[in-house]
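Undergrad:
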Amino acid sequence: MEVHERIDGFRGSLDACRADGLVVGFVPTMGFLHDGHGSLIRRAAAECGAVAVSIFVNPLQFAANEDLAAYPRDLESDLALCAEMGATHVLVPSVDEMYPQPVLTTVTVAEVSERMEGAMRPTHFAGVATVVAKLFSMVGACRAYFGEKDFQQLAVVRRMASDLSMPVEVVGCPTIREPDGLAMSSRNVYLSPDERQTALVLHRALDAGVAAVLAGADHARGVEAVMAEVFATEPDAAVDYADVVDAATLAPLEGLVPGTELRLIVAARVGAPRLLDNAGVVVPPR
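Start counting the sequence shown at 0; every next residue gets the next number (numbering that gives the first Met the number 0).
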């Protein structure tokens, strides 16, 4: 496994892989890797001849009051997981390597980025889209693997790659969960044992919302009310949103039309960390 600190070497190695006829798979991460990241690397390794991983805590996607300095890091463990899961090339750039001068060019994806996380963190998705655009430029033609846990991020990246005709196939992969249903996240390390139990309310709320859709709920507001009732059982979870949206566009919905693919998306603060989760469901025939 090649580990690169410099962009030029990373780019050149991947160019050489493509010249040899290999398909490049790419998994961008912010490090502190867990089994969710591992599943992305493992799938890329199963589908591609070369597997690139980036490990970079991107300052552009953190607001001034957020946890950039405290974001967990463990490069030695990250590199071990990358090797175990089948990565062939890893980029571990410094901030100066990624941003050698003040950033005057940013990427903004309208509409899909404006609600939910975009409303809570107004600068976040511009930071995500900008760094992912840079990484796609470095990696070149590839299949890029993203987890569905950050579903809005996945939608933003997909739309950016499509709108800008990037030579990248964006592949969404299912959320990886703990045995009790908690979505795996690097921020779970901040949860105390009691908070860890409280955090399970996100999954319970989604399960209740999905059950309501499958039972015949015909209005998004009713499904959102069902999720709100579940959150109300855990007063230590401060809910930011629990929304029902169109899975393709992330547009808010009113009436639920049979055959429509929905995405139920929730966010809540439990102790220090904000946790995100989501679930998909198709409105059944009536």
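Just so you know, even glycine gets a beta-carbon here, dropped at the ideal spot from N, CA and C.
1. Looking only at its own chain, which residues have a Cβ that is under 8 Å from the Cβ of S12, when we skip the five neighbours before and after it?
2. For a quick check, are the C-beta atoms of V265 and A237 less than 8 Å apart?
3. Would G279 and E260 qualify as a contact pair, given that the criterion is a beta-carbon distance under 8 Å?
4. Work out the CA separation of H202 and D276 for me, nearest whole Å.
5. Applying the 10 Å Cβ sphere with the 16-neighbour rule, what's the burial state of V131?
6. Which residue's Cα is closest to the Cα of A82: S53, V256 and L103?
7. Can you tell me the Cα-Cα spacing of P251 and G208, whole angstroms?
8. Can you give me the start and stop residues for the alpha helix (DSSP H) that C81 sits inside?
9. Taking V281 as the reference, give the member of L59, V269, R262 and P272 with the closest Cα.
10. With a threshold of 8 Å, are at least 3 pairs of Cβ atoms found where one atom belongs to the region 19 to 32 and the other to the region 135 to 152?
11. Pull the bridge partners of T28 from the DSSP assignment, please.
12. For E168, which of helix, strand or coil comes out of DSSP?
13. Buried or exposed, going by whether 16 or more other CB atoms sit within 10 Å of the CB of M97?
14. What residues match up with E1 in a beta bridge as DSSP calls it?
15. What is the rounded straight-line gap between the Cα of D239 and the Cα of T107?
16. How long is the line joining the alpha carbons of S93 and E177, rounded to whole angstroms?
17. Per DSSP, which one or two residues make a beta bridge with C141?
18. Which runs of the beta strand (DSSP E), 3 residues or longer, sit entirely within the region 147 to 218?
19. Using the Cβ count rule (16 or more neighbours within 10 Å means buried), how would you classify V188?
20. Could you compute how far the alpha carbon of V256 sits from the alpha carbon of E194?
21. Beta strand (DSSP E) containing G117: first to last residue?
22. Are there three or more Cβ pairs, one per stretch, closer than 8 Å when the region 98 to 118 is compared with the region 145 to 156?
23. Quick check on this structure: which residue in G146, V212, V167 and P234 has the alpha carbon closest to the alpha carbon of R285?
24. What is the rounded straight-line gap between the Cα of G37 and the Cα of A231?
25. Tell me where the beta strand (DSSP E) around A241 begins and ends.
26. Three-state secondary structure (DSSP) at D66?
TA: Checking against the coordinates, here is how it stands:
1. E1, H3 and H88
2. no
3. yes
4. 7 Å
5. buried
6. S53
7. 15 Å
8. L74 to M84
9. R262
10. yes
11. I54
12. strand
13. buried
14. H88
15. 23 Å
16. 32 Å
17. V167
18. 167 to 172
19. exposed
20. 37 Å
21. Element bounds for G117: not the beta strand (DSSP E) but the alpha helix (DSSP H), E116 to M119.
22. yes
23. V212
24. 34 Å
25. A236 to D245
26. coil
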